[in-house]
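UniProt numbering numbers the first residue of the sequence shown as 1 and each following residue consecutively.
Quick reminder that beta carbons are idealized off the backbone N, C-alpha and C, glycines included.
Quantities reported herein were computed from a predicted structural model and do not represent experimental measurements.
Down below is the structure, laid out as structure tokens.
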Amino acid sequence: PWISLQVLNEGEEPDNFFWVGLGGKKPYDTSAEYMNYTRLFRCSNEKGYFTISEKCADFCQDDPADDDIMMLDNGEQVFLWLGAR
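The following block contains the structure:
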């Protein structure tokens, strides 16, 4: 299959992983208020560049469509929806 899954626990990421592209890992507020509720984001490249927008209104399981890439963040885990198309 063309998909592989690797689980990385927060704080246990390899040094050369995600943070290298961001200029290194810096301290961040893990008790921030925005982490106290579940957030849904839509990922897109419709405009020719990558964007992420937060769906601010109430959302449900029917929101992701076949052509969507959605990211659900509950403050503890991040889930990624890759539509069928």
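- Contact between the segment 6–19 and the segment 40–50 is absent, with fewer than three C-beta pairs closer than 8 Å.
- At a Cβ-Cβ threshold of 8 Å, Asp68 and Trp81 count as neighbours.
- Excluding five sequence positions before and after Phe59, the CB atoms of its chain that fall closer than 6 Å to its own CB belong to Leu40, given in chain order.
- In the DSSP annotation of this structure, Phe50 is not part of any beta strand (DSSP E), being labelled neither H nor E.
- Each residue's CA atom was taken as its position, placing Ala65 and Ala84 some 8 Å apart.
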